[in-house]
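Residue numbers (our numbering): 113 to 168.
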């Protein structure tokens, strides 16, 4: 289920720009929140999560 504002936005884009305008997503200018990990830390996290668990 989507928010009523989402429906209003899609409907408005459809009226203004046609079907392709309604279906194409508009990328955000800024991310919703700052990144917590840089590329190196993200790579280490992926390696750690894909490796076998250590015994305690």
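From the three backbone atoms N, C-alpha and C, an ideal C-beta is built for every residue, glycine too.
Here the structure is a predicted model, which is why all the values come from computation and not from measurement.
On the three-state DSSP scale, how would you describe residue i?
i, result
"residue 149", "coil"
"residue 157", "helix"
Could you pull the start and end residues of the alpha helix (DSSP H) that residue i belongs to?
i, result
"residue 129", "116 to 135"
Below 8 angstroms between beta carbons: does that hold for residue i and residue j?
i, j, result
"residue 134", "residue 125", "yes"
"residue 149", "residue 160", "no"
Can you name, in chain order, every residue of its own chain whose Cβ lies under 8 angstroms from the Cβ of residue i, other than the five neighbours on each side?
i, result
"residue 129", "none"
Identify, in the order they occur along the chain, each residue of the same chain with its Cβ nearer than 6 angstroms to the Cβ of residue i, setting aside the five sequence neighbours on each side.
i, result
"residue 122", "134"
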